[in-house]
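Novice: One structure, as structure tokens, below. Some questions next.
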Amino acid sequence: MQGSNGGVAGDQCDVVIVGAGYAGLLMLHRARGLGLNARVFERGDGVGGTWYWNRYPGARCDTESLEYSYQFSDDLFQNWKWSERFATQPELLEYAKHVAEHFNLLPHIQFNTSVKRASFDEASRRWSVKTDAGQEVSAKFLILATGCLSSTNVPKIPGLSDYKGPLYHTGQWPAGGVPLAGKVVGIIGTGSSAVQVIPTIAPVVKELIVFQRTANYVVPAHNGPIAREYEAQVLANHAEFRHNNATMIRAHGYRNRGRDVSALTVPRQEVEQDLERRWQVGGLNFLDGYNDLLSGLEANKIPAEFVRAKIRSLVKDQSVADLLCPTHPIGCKRVSVGDGYYETYNRRNVHLVDIRSTPIEKITADGPVVAGKTYGVDVLICATGFDAMTGPILSMEIVGRKGVRLADKWAAGPRNYLGLSVNGFPNLFTMTGPGSPSVLTNMHVSIEHHSDWITNCLAAMRAAQKTEIEATESAEQNWVKRVDDIANGTIFPSCNSWYLGANIPGKPRMFMPYVGFPSYAQVCASVAADGYAGFRLT
Ligand code: NA7
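Number 785 marks the last residue of the sequence shown (this note's numbering); no jumps.
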């Protein structure tokens, strides 16, 4: 492994990192810390990844700001002040810029550049990376920090291209914003993005027509200015704060941790009191009270019914409330966090159209047609989510040993080892990809964990004078089975979520993330301690 800390290299470097979101930035910093010549390609014209693209009205994080922060640097952690309990998109983007500048990362990032193809050359044992600008760069290591929710899903509804008004996807929102005041706006989708858009724009638009396929569980955020007293406590106990959160199944929310007992063994009234307390606190820890709310369908019915009762009490028109009541197990699809979502349906200018019982038949020049009725809209918003986890990786043509394409290898679903490495694709690492806890966790913790693990691995290789690492086929098979077995002990496979790829027509159905950050981190640590067991090092 050669190394230099110089600027953007020519056509040879040690490491190519794809993506300058939070994962890519940290990986770049870490690789440079090892003295490697690392280069990032980023398709946007700035850093921030998810927070660069998702600029829709009301966009904010659903993990609390102090937890959704890089924690590897005490200096960085102590010297950034968040304004709100749940940070807004503009502030999250500022944070990414601040980090890039603070660690002098910008000279090593090439913006407005998409990687189109990466192939492993068996003669030179290097990756050849080709960009949309026609550049070709050769690198020893290829690290994909492409994010999990960065390939937008625009539904293939007949006639969509006939629509004459402006059409936007929440995940590709124009940087300058979109004028919506006084307009009739249609929005398709009621996931986390829509849950943030709907209450934000309802007061300014003339009419808002929401096309709902699946009703969603939304718990309150109770967002507001960050509590400075709490912030001071956290800053004073940074190491403990970081450690405690990493012991939680989703790597956040230690201060709201629950009891290690089944909800079914506790009097119902007591469980409901706990849920009410959590509802008043707000945030994603709503389901953390007991150990079986996400693993037992019977126990899961208690919080599900609790939220449905809340919906019925918050929404005045009971026929609308009925439509807004989800029927799938709570948490099976990602729970959304937001303020004022259900109450927004009490507004006279907000209309809910059920497209579960009668799907959108087509879209005409004027707008969507449902049950023979055309809903004329001035602006149409697709809040229809993403081809999650595998989408961003497979948007590039990745070719490993013996000319095998990753898209072919993953035709029946993603297969890898530790969610980090793929058999047949030496010296390739995926960050927060399928097979790792990723989207089920506080992403910052998962990102730091992966960047630490990869950095330590590269350092260990250098120390042992190894130049190539590749997951073995059997380690990969065992890992895929392990991820699947764990998921099968939970409620996750019981509904059609994007965790399973079920939102994308034709995508193989396979539960992609690993459930449980602490056990995952433990396995990764013991693999490294065992001299990278399950990997072939040459
Ligand atoms: P999500 O959570 O995937 O939500 C997408 C929404 O769009 C959801 O309500 C979908 O209904 C709906 N959808 C998707 N395709 C269609 C079609 N073809 N027709 C009608 N409705 C459709 O994406 P978000 O952007 O809201 O959130 C993504 C993540 O970002 C979120 O989980 C957080 O991690 C942050 P469905 O449920 O599939 O029936």
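Cβ atoms here follow ideal geometry from the backbone N, Cα and C, with glycine treated the same way.
Measuring alpha carbon to alpha carbon, tell me which residue in R559, V466, E487 is nearest I577.
Specialist: Here residue 577 refers to the residue found at position 330 of the sequence shown. Of the candidates R559, V466, E487, the one whose C-alpha sits nearest the C-alpha of I577 is V466.
Novice: Count the CB pairs spanning the region 272 to 288 and the region 420 to 431 that are closer than 8 Å, and state whether there are at least three.
Specialist: Contact between the region 272 to 288 and the region 420 to 431 is absent, with fewer than three C-beta pairs closer than 8 Å.
Novice: Can you tell me the Cβ-Cβ gap for C629 and H345, rounded? I've got them flagged as a contact below 8 Å.
Specialist: Here the question's residue 629 lines up with position 382 in the sequence shown. Here the question's residue 345 lines up with position 98 in the sequence shown. In this structure C629 does not touch H345 by the C-beta definition: roughly 31 Å separates them, more than the 8 Å allowed.
Novice: Hey, would you say V362 sits closer than 9 Å to V265, going by beta carbons?
Specialist: Mapped onto the sequence shown, residue 362 falls at position 115. Mapped onto the sequence shown, residue 265 falls at position 18. Going by C-beta atoms, V362 is nearer than 9 Å to V265.
Novice: So Y537 and G505 are in contact, right, with Cβ under 8 Å, and what is the actual spacing, rounded?
Specialist: Stepping through the sequence shown from its first residue, residue 537 is reached at position 290. Stepping through the sequence shown from its first residue, residue 505 is reached at position 258. Confirmed, about 6 Å.
Novice: Output the distance between the C-alpha atoms of G250 and K387, rounded to the nearest integer angstrom.
Specialist: Translated into the one-based positions of the sequence shown, residue 250 becomes position 3. Translated into the one-based positions of the sequence shown, residue 387 becomes position 140. Note that G250 has pLDDT 34, beneath the 50 cutoff, so the model's placement of it is unreliable and the number below is only indicative. Approximately 11 Å, taken between the alpha carbons.
Novice: What three-state label does DSSP hand W374 in the structure shown?
Specialist: Looking up residue 374 in the sequence shown gives position 127. Looking at W374 - three-state DSSP - the assignment turns out to be strand.
Novice: Report back the beta-carbon spacing between C704 and I716 to the nearest angstrom; my notes put them in contact at under 8 Å.
Specialist: By 1-based counting over the sequence shown, the position of residue 704 is 457. By 1-based counting over the sequence shown, the position of residue 716 is 469. Between C704 and I716 the beta-carbon gap is near 7 Å, inside 8 Å, which marks them as a contact.
Novice: Give me the Cα-Cα distance between G671 and I738, rounded to the nearest whole angstrom.
Specialist: Within the sequence shown, numbered from 1, the residue matching residue 671 stands at position 424. Within the sequence shown, numbered from 1, the residue matching residue 738 stands at position 491. Computed Cα separation, rounded: 33 Å.
Novice: Quick one: residues in its chain with C-beta nearer than 7 Å to the C-beta of L353, no 5 flanking neighbours on either side, listed in chain order?
Specialist: Position 106 of the sequence shown holds residue 353. Only A347 meet the Cβ criterion.
Novice: Run the CB neighbour count on K557, radius 10 Å, all protein chains shown included, and call it buried at 16 or more, exposed below.
Specialist: Position 310 of the sequence shown holds residue 557. Burial call: buried.
Novice: Pick from R460, A483, A370: whose alpha carbon is nearest that of F324?
Specialist: By 1-based counting over the sequence shown, the position of residue 324 is 77. Nearest C-alpha to F324: A483.
Novice: Just verifying my parser: in three-state terms, what is the DSSP assignment at Q357?
Specialist: Within the sequence shown, numbered from 1, the residue matching residue 357 stands at position 110. Reduced to three states, the DSSP call for Q357 is strand.
Novice: From which residue to which residue does the beta strand (DSSP E) around G433 run?
Specialist: Taking the first residue of the sequence shown as 1, we reach residue 433 at position 186. G433 -> beta strand (DSSP E) spans 431 to 435.
Novice: Excluding the 5 residues flanking A772 on each side, which residues of the same chain have their C-beta closer than 8 Å to its C-beta?
Specialist: The sequence position of residue 772 within the sequence shown is 525, counting from 1. Taken in chain order, the list of residues that qualify is empty.
Novice: Less than 8 Å separating the Cβ of I435 from some heavy atom of ligand 1?
Specialist: In the sequence shown, counting from the first residue as 1, residue 435 sits at position 188. I435 Cβ: within cutoff of ligand 1.
Novice: Would the beta-carbon of S693 be found less than 8 Å away from any heavy atom of ligand 1?
Specialist: As a working note, residue 693 is residue 446 in the sequence shown. S693: no, Cβ never under 8 Å from ligand 1.
Novice: Say the cut is 8 Å; is the CB of V425 nearer than that to a heavy atom of ligand 1?
Specialist: The residue you call residue 425 lines up with position 178 of the sequence shown. The answer is no for V425.
Novice: Give every residue of the same chain whose Cβ lies closer than 6 Å to the Cβ of L407, excluding the five residues on either side of it in the sequence, and list them in chain order.
Specialist: As a first step, residue 407 must be located in the sequence shown, where it is residue number 160. Excluding sequence neighbours, L407 sits near I610.
Novice: Our contact map puts P304 next to V444 with C-beta atoms below 8 Å; I'd like the distance itself, whole angstroms only.
Specialist: For the purposes of this step, residue 304 is taken as the residue at position 57 of the sequence shown. For the purposes of this step, residue 444 is taken as the residue at position 197 of the sequence shown. P304 to V444, Cβ: 6 Å. Contact.
Novice: Can you tell me which of the three DSSP states I264 falls into?
Specialist: What you label residue 264 is simply residue 17 of the sequence shown in a count that begins at 1. In the structure shown, I264 falls within a strand segment according to DSSP collapsed to helix, strand and coil.
Novice: Shortest alpha-carbon distance to A718 belongs to which of L784, P684, D777?
Specialist: Taking the first residue of the sequence shown as position 1, residue 718 is located at position 471. Measuring from the Cα of A718, the nearest candidate turns out to be L784.
Novice: Let me check you understand the geometry: is the CB of P606 closer than 8 Å to at least one non-hydrogen atom of ligand 1?
Specialist: Position 359 of the sequence shown, counted from the first residue, corresponds to residue 606. Relative to the non-hydrogen atoms of ligand 1, the Cβ of P606 comes within a distance shorter than 8 Å of at least one.
Novice: For I640 versus L391, is the C-beta distance shorter than 9 Å?
Specialist: Taking the sequence shown and counting its residues from 1, one reaches residue 640 at position 393. Taking the sequence shown and counting its residues from 1, one reaches residue 391 at position 144. In contact: I640 and L391 (Cβ atoms closer than 9 Å).
Novice: Between which two residues does the alpha helix (DSSP H) containing C704 stretch?
Specialist: Your numbering for residue 704 matches position 457 in the sequence shown. Run containing C704: 690 to 710, per the alpha helix (DSSP H) assignment.
Novice: Just to confirm the assignment, what range does the beta strand (DSSP E) spanning H349 have?
Specialist: As a first step, residue 349 is located in the sequence shown; it is residue number 102 there, counting from the start. According to the DSSP assignment, H349 belongs to no beta strand (DSSP E) but to the alpha helix (DSSP H) extending over 336 to 349.
Novice: Closer than 8 Å to a non-hydrogen atom of ligand 1 - does that hold for the CB of G748?
Specialist: One-based indexing of the sequence shown puts residue 748 at position 501. No.
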